[in-house]
Structure formats: C-alpha cells, structure tokens
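Worksheet: the structure to be examined is printed underneath.
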Amino acid sequence: MGILRSEQMQHGTLVIPTERAVEIISLLGQKGEVMIQDMNATSMKRPYRRYIQRIEEMERQLRYLMTEIQKLPGAKVVTGDVNNFLDYDGFVLEGVEESLSTLTDQFVKFRANNDDLLRQRTRAMMERAVAKVAAKSLDGKHENLVNNAGTNNAAGLLAADAEAGAANGSPVLSSFAGVVRQEDVSKLSRTLFRATRGNAFTYYEAIDEDDNGQFVDEAAADVAPVRNVFVVYYPGGPGSAMHEKIERICKAFGIDTFEWPRSADEARDKIGGLTEVIDDKTRALEAFEEFFFDEVAVLLQPVHAGGNSLIEDWRLYCMKQKATYACLNLFEETESTLRADCWYPANTEDHIRGLLKDFSSGVNVVSAFLLSDTKSAAASGGHGGLDKNPPTYNKTNQFTECFQEMVDTYGVPRYQEVNPALFSTVTFPFMFGVMYGDIGHGILVTLFALVLIAYNKQLVRGGDELAMMVSFGRYMILMMGCFAIYSGIIYNDFFALGFNLYGSRYVINPVSTAAATDGTVHYMPNRDQDKSMSDIVDDLDNTKKSSGTFPYPFGIDPIWKSADNELDFLNSYKMKLSVIFGFVQMLLGTLLKGLNSIYFRDHLTLWFEFLPQFIFMLAFVGYMDLLIILKWAQSYYGQPRTSIITTVINMAMLKEVTKDDEYFPNQQTVERVLLIILVVCIPWMLICKPVLAKMAWNRHHKSAVGTKTANNQEERILLENEHDNAAAEIIIDQSAEVGHQLAEQNTEEEGEEFNFGEEFIHQTIETIEFVLGSISNTASYLRLWALSLAHQQLAAVFFEQILLNIIKAVVKPDGGIGNTIVGGICIFLGFGAFAAVTFGIMLCMDTLECYLHALRLHWVEFQNKFYKADGYKFVPFSYFRILNGLDAE
C-alpha cells in the first residue's frame, strides 16, 4: 500500500496435515508472514499442552544450569545472535530434552558432592582450630584465655582438674568445645550463664587469620567472618541434664561442637590427622572444580563459528518449540488435518502458497493449502470488532521503527487510515529542535546518536535492557540532534553564545546615543546610518531594497546577544513562530482527516465534519497567522501597531478597526466575513452529520426489509405450484442462501440500532472539542517558545555564573593571569563543574523534557484531528520476532 497507509490484508483459512504440522508451522514461522487466529477460544481445547509442559520443564533445567554457570569465575555465555541460530538450527526436541535431563542430574549430583566435601573440610578445619587451642592450653603456654568471670588462670586449673578426673574415671568437670562467630560471642556467653545459673565457665580465643581465611562455608561471602574457639567447662558427665541443656543452646546458635582433647599429646595427634583430612578434601574439591569446568566448557562453546554458546542455542530452541506448539494450539482439529483462520498481507499470498506447495510436493501426506476469502479486507474500512477487522500492518525499517513504535504506544492505527508515523519522522525531531535549539548541545546529542549507531550490535548483544531501549531510538536521537543544531543556527546560540560569522548588520546610532542620559548605547541598521528618519520610513513603506548589507544573512544578528531588549525581541519572535508552526501542523492533521474520509468513502464526515473544520481553522487560526506575517513584513518606525491578540478580541466583539490599527486595506470587512463564516461552521458540523446519518439509516433499513419480504413471497408462490418441483427446488436453494446472508446482515443491523440521541451527543462533543481546541491547541504550541526560552536562559546562566565568573576572577583586565598555576586549576575545576551541569541538566533533564513536550504536541494537538487509533497490530508468527522479544504477547 505504501508508507502513507498500512498494507492491504487478506483473510484466509490455513489447512495443514496433522502428521507434519510442526514442520509446516516451523516453515511459516521462519519464512512466512501469517497471523493465526485462535479457533479454540470458546472451547479452550489445547491439544499440544503436553508438549508445552515438557518444554517448560526443559526451560527450568536451563535456568538451573545458567545459575550454576554464572557462579563460576570467568564463565561467559555468548548470546544475542538469533540469525545464526535460525540459520543452523538442527536440534531435535527429544535429543535436547535427554541432554538437558542428563546434564541437570549430573550438575545436581556434582553440586551436592561439592557441598558435602566443603562441609566436611570446614568441620575438619574447625576441629583442628579447637585442637590447636587445646594444645596451647594443656601445655600451659596459653596466656590469653579470658573467661566471662574475669579470671586469667582458671583455664589451666579447670583443664588440669578435668584431665585428672578423666584419669581417675570419675570426672568432676566435663567439657566440650566449638567454633562460634565473633559477633555471637557475647550472646552465647550470656545465654550459657543464665541457662546454667553461673555453673559453667566459657573461654574464647580468636582463630589465627590464616586459619580463619580458609573457612569458605559461606560461598556467597566475599570475606570470611571472624570466628572464635570456645571451650565450656561444666559439672557433671556427658549424659547429665546440664550437658544436654548446653548442647541444645549450641545447636540453637548453629554451632558445631567437638570433644575437648584430654592431653596436649592427644591434641597434637589430632592436629596431624585433621591436617591430612583437610589436604585430602582440598585435593578432592580441586579435582571436582576442574571436572566441573570441563563439563561447563562444552556448554560455553559456540555451536557454529561466530554463533551462540551451546546452552544459549538450547534456550533459543526451547523458545522456538514452545512458540510452535502454542501456535498449533490455536488450530481446530479434524480427523487428519488442522484448520485455522489467518490474516496475511495480500502481496505475500503467492509466496505463502509457494512455500506450502513446495513442502507438500515431496511429502506423501495430505497437502497443506491456503483458502482465501472471496471478499477483500479493504472493503471493511477498519470498522467493527477485532474478529471482523483486518489487523494493521505498517512496514518499518531501522530508521522508521522507533517513530512507528512511538505512534503505536498512543494507539495502533485503524486499518488503512493515514499513518501519523510518516509525518512524525520529520515533525517530531523538528519540534524538539525548536525547543532545544543550541548548536553546542545539538552537536553533543548528534555525537551520542552516532556512537549508538556505530555500536548498535554490541549494545543489542549485551542484553542490557536500558542500553537496548536507547539504542532502539538511535535514529530518532540523531534527527533530534540535527534539528537542534539547525534551530541553534537560526537562534545563533552556541552554549548560549552567539557567532559573529558575517559581521553584525547594526551600527551605533550617534544621535540617540548622544541624547541618552543613562549611558545607553543605541544601535541602528547600518544601511540607515546616513539617512534621516523620514527617508528610512519611505524606503520601508515603498519596499525599496538596500545595497544588500542588511539584514543578517542567516539566523539572528549577534548584536542581540548584548542588547538590553534581547528577551523582548526573542520572546516576540519565538512566540509568533510557535503559533505559525502550530497552525501548520494542526492544518495538516485536518487535511489528513479529509484524506481518510475520501479513502473510506465517508461522505458525511467529508462534507459535514472535515470541510467546516478546515474552513474554521483557516478563518480563525489562519487569519491570526496572517496578521503575524503582515506585522513582520510591514514597517512601523515610531508607529507601534495594536497587538494581534487585541485585534482578534476586537474582531470577536465587532469593534471598529481604526486606520492606525489596520494591517491591510478593508480589514474590518474581511473580519466581519470571517466571523460570519466561523458562526456558520459551528451548526454545519454540529447538526448536519447526525441528521443525515439518521435519514440514510432509515432508507437502508427499509430497503433491507423490503428485499427480505419479496424473497419470502417468491418462495411461497413456488411452493404452492408442486407440479414444478425442479424449479421450486432451485429457487428455494437460492433464496435460502440469500436469506441466510440477509439474516446475518439484518441481525447485525438490529443489534446496532441507530441511536440518534447518542449520535447527536457524540457530534456535540466532537464540535465542542474542535472549537475550543482551536484555541487551546494553538495556545499549547506556545510551549515551543517557553521551552526554547528556558533552554537558552539556563545555558546562559550556567555559563555566566560558573565559567565566566571564574575566568573574570582569574584573568586580569590587561589579559594576564596573576598566578598561572592557581588560575589554571581554578579554570580547570570551573570547566569541570560547567561540564557536569551541562551534562546533567541540559543533556539529560532538558532533553527528556523537550522530548515529552514534543510527544504531547503530536499525540494530542496533531493526532486528535484525524487519528482514530482503534486498530490492532498485525503480529505474524515469526521466530525472529519471538526470539528477539519483539512480540509482547
């Protein structure tokens, strides 16, 4: 259809053999453009649900494997190359399922074995730490044990008593030891003291840093927590109530307890044995890690040169097969075939038929074929429900896809209505540029867009969602930067500074400057410096051209940058320019409404909605823009004209136009005529359309009822003549078919009874919205002026208050610098602050602000003139779209 409207769609029925359904859907998903409709929406029959459940289990296993791989240092999965996968996909569901199941079982066993080895080694390390402390204590060389009662020599005495009691076979004191985190020491001490009522003595000693660093039971911790060895002495034997009480407390704290050695020799023997155990466990863990890396390396290797890792290709394959079976669930089952209604672009019908024919020619099964509906989808005009309306398919490329997505976010275009994205590719960045106009900032935005374009593939393959989103709009950002540069050249703004490329066209006015008592310097156009005021006015009134030295060739004269009335001049200029831009865009939207009416043959909308709206827009906003242009074009040295707003208000109040206030001859007569046209347009668009629509519906309804009655009478007459049974049979068959069609049509018409009151209310709202919108929408375009002014003033404030003030403080009036080093550092720091503020506010916040305002102007002020936005997207079954996450469904 082209870029102005969506593609012509065709409705058909796809019939495929059940035996080869997966292969055919895979073929269409890779090469076709078919949107399958759900044939089981009411019955909820999903015959391929079991396959989807199997694939979901495979995806769970893949997620587990991915999690395990991510724990390994240096393991990197190559992802993002969907095209390579689709080109070389040769996997089989059963084979991938078996491989994943085997690998998952192995990984679970490996991880369980590794965790078991890790726990055993950690326990052995703890026990060795206890043995080391015991050896020092029992040798009498330990001097730093401090109990919770504050005694320094109790440990040795209690250890001696315990050892003596053990030798006699009747222990007076029992003991056991453990390892506790340092932050739990005080809590454990208090708990034991209260639980034993002060009858237990606890001693602590911090483990050496070398031993403590080897505890790796917390796999997620970057730094091992500091631990202390403790020993508890208590009265009674191992089976006593106090023993059980202390043991329960230790379990509550998650502490592993160990037997306290009876002698120093036993402690040293235990240290040697535990060291051997720890070494064995360490070697086993290293061997496991090496084996685990070898297994993982197979999954990380690309299947094909330059492609994805094997595990990533498996993930994509599961997504592909899951989408395939989900698509097959939409089909209606018959004895040997599957059938589903579908939509496809009309220009791809031959291509789809060719694919099905080529596939069926070499297969000894029922052929797959496509049946097209006899009536064209174009006749529907995009009205009605989703089942009847064709989907909207707008072809895009890398440049236009971001603009189309911006439009679709507001609402998908109705089938074959004018696509606003075509115009937004230019108007959106242009409106942004008008608000953001600055050469320097525009260059930075453009450079950022060029970087996004250059590194687009790397950003997409990186998988970062924010980077992918920004990269998606790279060409929009490029256009925004280019138009910002263009507008900046018009405004003559470069980081709020002006370029004097051609030399100012203004010179000092010696007469008015000399007459000024406050020292103000007055300027005048250099073409007028040798002329009197009367000659200047005569030249302007007679539109005589000067020697070519005036005005400034392109953009705004740089002399305005130093003028006291710069803001007055720029405000007036940008305000009027904004109104003109708004009128042009709104008039374009109104014209597009007329194009839609012509295309859909909606004559009521064309003559009784579009035409009065178009005339109203021209007579009101267009006249105001004409006054703006005339005010710019005419001279009024010493003769200021009435403001345009006042002129428009006086026009509505029927006030007389004086000679001094006239912008053109016979202005009052023209305004009276325009006012009459404005008044006539309101009832024209309010009353005519609903009244004529009601009359047309009545005629159509009577015609349909008459046709149905005539058919019934003809059938009844023929049935009475039984002698001509053959003729009656033919007529009955024909009348039955026509009657069925009329019955469907009449059912729809009766179900959609024309409600004149509802239609009139709708038209009233439409008329009020347009009339008031002509004012409010025009005023809304003043944001172009406001945002442009704010951007320019912010840039000027940042430059003057940050960078310029530092330069003035450092540089002397004669141009020298007092202290070169200090001055250089100050300027460097000042530039850094200026750059940071420019980046954070001007390049980030203000860019987003201008973007959102430009978006508002397009979504509301422009698109509400013609855009219905009640369509739905054409979402073909495409593996490329599914694997890239382009289908939200």
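600 is the number of the first residue of the sequence shown in my numbering; add one for each residue after it. For each residue, glycine too, the CB sits at the ideal point set by N, CA and C.
Below-7 Å beta-carbon distance, residue i vs any chain B residue
i, result
"Ala723", "The chain inventory of the structure shown lacks chain B, comprising one protein chain alone."
Residue i to residue j span [Cα, whole Å]
i, j, result
"Trp1159", "Ile1107", "13 Å"
"Val778", "Pro837", "19 Å"
"Cys1449", "Met1079", "10 Å"
"Met1250", "Ser1177", "22 Å"
"Phe684", "Asp912", "6 Å"
"Glu1460", "Met1216", "13 Å"
"Leu699", "Lys880", "29 Å"
"Lys1144", "Ile1227", "Here Lys1144 scores only 42 on pLDDT, less than 50, and its place in the model should not be relied on; the value that follows carries that caveat. Answer to the nearest angstrom: the Cα atoms are 22 Å apart."
"Lys1230", "Tyr1262", "7 Å"
"Gly1061", "Thr801", "56 Å"
"Thr1257", "Ile1244", "16 Å"
"Asp686", "Gly1097", "56 Å"
"Ser642", "Thr612", "19 Å"
"Ala1277", "Arg1455", "Here the sequence assigns Leu to residue 1277, which means Ala is not the residue at that position. Near 27 Å, if we compare the C-alpha coordinates of Arg1455 and Leu1277."
"Ala922", "Asp940", "18 Å"
"Phe958", "Gln629", "14 Å"
"Leu873", "Val677", "43 Å"
"Phe1427", "Ala1453", "36 Å"
"Thr1246", "Gln1233", "16 Å"
"Val1290", "Ala1218", "26 Å"
"Ser590", "Pro1475", "Any answer about residue 590 is impossible in this case: the structure gives the chain only from 600 up to 1488."
Buried versus exposed, by CB contacts within 10 Å (16 or more), residue i
i, result
"Cys1501", "Only positions 600 to 1488 of the chain appear in the structure, and residue 1501 is not among them; the question remains open."
"Met657", "buried"
"Leu1058", "buried"
"Thr701", "exposed"
"Met634", "buried"
"Ser839", "exposed"
"Gly1494", "Any answer about residue 1494 is impossible in this case: the structure gives the chain only from 600 up to 1488."
"Asn752", "Its pLDDT being 46, under 50, Asn752 is placed unreliably by the model, and the measurement read from it follows with that caveat. Under this definition Asn752 is an exposed residue."
"Tyr1101", "exposed"
"Ser1477", "buried"
"Gly905", "exposed"
"Glu804", "buried"
"Gln1212", "buried"
"Val1006", "buried"
"Thr1346", "Note that Thr1346 has pLDDT 48, beneath the 50 cutoff, so the model's placement of it is unreliable and the number below is only indicative. Exposed."
"Leu1166", "exposed"
Start-to-end residues for the beta strand (DSSP E) that takes in residue i
i, result
"Tyr924", "No beta strand (DSSP E) holds Tyr924; the alpha helix (DSSP H) holding it covers 909-927."
"Arg861", "Looking at the DSSP string, Arg861 is not in any beta strand (DSSP E), and its letter there is neither H nor E."
"His610", "608-616"
"Pro1264", "Segment: none, Pro1264 is in no beta strand (DSSP E) and carries neither H nor E."
"Ser773", "772-780"
"Leu572", "Only positions 600 to 1488 of the chain appear in this structure, which leaves residue 572 out of reach."
"Thr801", "800-805"
"Val1474", "First-last for Val1474: undefined, no H or E at that position."
"Tyr1490", "Residue 1490 lies beyond the stretch modelled for the chain, which goes from 600 to 1488, so this question has no answer here."
Nearest-angstrom Cβ-Cβ length linking residue i and residue j, presumed shorter than 8 Å
i, j, result
"Ser605", "Gln1015", "5 Å"
"Val729", "Phe892", "At roughly 34 Å, the Cβ-Cβ gap does not stay under 8 Å, so Val729 and Phe892 are not in contact."
"Phe690", "Tyr916", "5 Å"
"Leu1043", "Ile1076", "Wrong, their Cβ atoms sit about 11 Å apart, outside the cutoff."
"Pro989", "His610", "7 Å"
"Asp1092", "Ile1038", "6 Å"
"Ile870", "Ala734", "7 Å"
"Val876", "Ala723", "5 Å"
Residue span of the alpha helix (DSSP H) that contains residue i, given as start and end
i, result
"Thr936", "Taken as a continuous stretch (DSSP letters only), Thr936 belongs to no alpha helix (DSSP H), being part of the beta strand (DSSP E) at 936-944."
"Ala734", "692-737"
"Ser959", "948-960"
"Ser625", "620-630"
"Thr678", "Neither: Thr678 is in no alpha helix (DSSP H) and is coded neither H nor E."
"Ala1389", "1382-1397"
"Asp1167", "1165-1198"
"Met643", "Segment: none, Met643 is in no alpha helix (DSSP H) and carries neither H nor E."
"Arg604", "Where Arg604 is concerned, there is no enclosing alpha helix (DSSP H), given that its DSSP letter is neither H nor E."
"Arg1240", "No alpha helix (DSSP H) holds Arg1240; DSSP gives it neither H nor E."
Next on the checklist: To test your reading of the DSSP string, which unbroken alpha helix (DSSP H) runs of 4 or more residues are found completely within the region 1436-1469?
Outcome noted: Qualifying alpha helix (DSSP H) stretches, in chain order: 1445-1455.
Checklist entry - Which runs of the alpha helix (DSSP H) spanning at least 4 residues fall entirely within the region 826-889, listed in chain order? => result You should have 840-851.
Next on the checklist: Report the start-end ranges of each alpha helix (DSSP H) in the region 973-1055 that is 4 residues or longer and not cut off at the edges.
Outcome noted: Along the region 973-1055, the alpha helix (DSSP H) occurs as fully enclosed runs of 4 or more residues at 1000-1009, 1020-1035, 1038-1053, listed in sequence order.
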